[in-house]
Every structure is written in structure tokens, then in C-alpha cells.
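Below: one structure, written as C-alpha cells.
Residue numbers (our numbering): 49 to 203.
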């Protein structure tokens, strides 16, 4: 008989905010209630930040990631609609991770399209080398990989 492996993923021990609290916040939209909800979920959000920070390059500090996550948590609390039935942490996790990814993309020197193509071709390591050469963008990838652009077909 095969034995089941135990999940190594740690589950959050922070309980969800009571539905009554969400309903009261949805009705009043008071900053005090919002801040109370944010403070309640802050330890969970910091855990998300720590988990994601481990996967990022060394030049990205945990403080930067936590700052992004805190802003995203405030945004998520303000826009969460409990009537839709999705648990807050499930819904907000996508927003927190998305904020981290958006910031990484915004500070990346390589356009998304070029990075995607390099990943597809197994040449992502070459992007680092190109940065050292001072080249960037589609022209750099074309030059580095010695790919000649195909001429446009006449119609």
C-alpha cells in the first residue's frame, strides 16, 4: 500500500475575520475598521512576503517585499467583497503576489516579451550577460543569439 505524503506547506494559523466584521466594514467603510482588519491579517501577509522574497534575486530585500505586500493588503481589504463567497486570504493572496510580480516587472530592464522568448529558447542566462555588455531589448537578443530577422513576405 502506498502511503500518503504529508504536505510540507505550512498553513496559516491566522483565523479569518468574522463575517459580521466584514459586513460592518462594507457598510461603514471606516478607516478604523479597515485598519483593524489590515492589522489582523498583517502577520499572514508578512508570511507571504517572506515566502516570495526567498524566490527573488538577492538585491531585492525583504523590507521592500513587505512594503509592497502591506500596500497590496490595504488595497485588498478595501476592495474585498465577502458576498461573493471567496475566503479573504484566498482572494487577497493573488493580489499580494501580483503586486510583487508587478513591481519586479516594472523594475526589470528586459521587456516581458523578450524575457518570455528567452525562457522559451532556454537562453535566459544570456540576458544577464547582455546586461553586462550594456545591451537590452529585442536587438540585443537578436545580436547575441545571432538570429537574423526574416524579411516580411510580399502579398
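Each residue gets a CB set at the ideal place from its N, CA and C atoms; glycine is no exception.
Query, Result
"Sub-8 angstroms separation of residue 93 and residue 81 beta-carbons", "no"
"Outcome for residue 154 when other beta-carbon atoms lying within 10 angstroms are tallied against a minimum of 16", "exposed"
"Reduced DSSP secondary structure (H/G/I, E/B, other) of residue 94", "helix"
"Buried or exposed (CB count within 10 angstroms, at least 16 for buried), residue 66", "exposed"
"Residue 90 to residue 149 span [Cα, whole Å]", "19 angstroms"
"Three-state secondary structure (DSSP) of residue 77", "coil"
"Option nearest residue 131 by Cα separation, candidates 64, 159, 74 and 105", "74"
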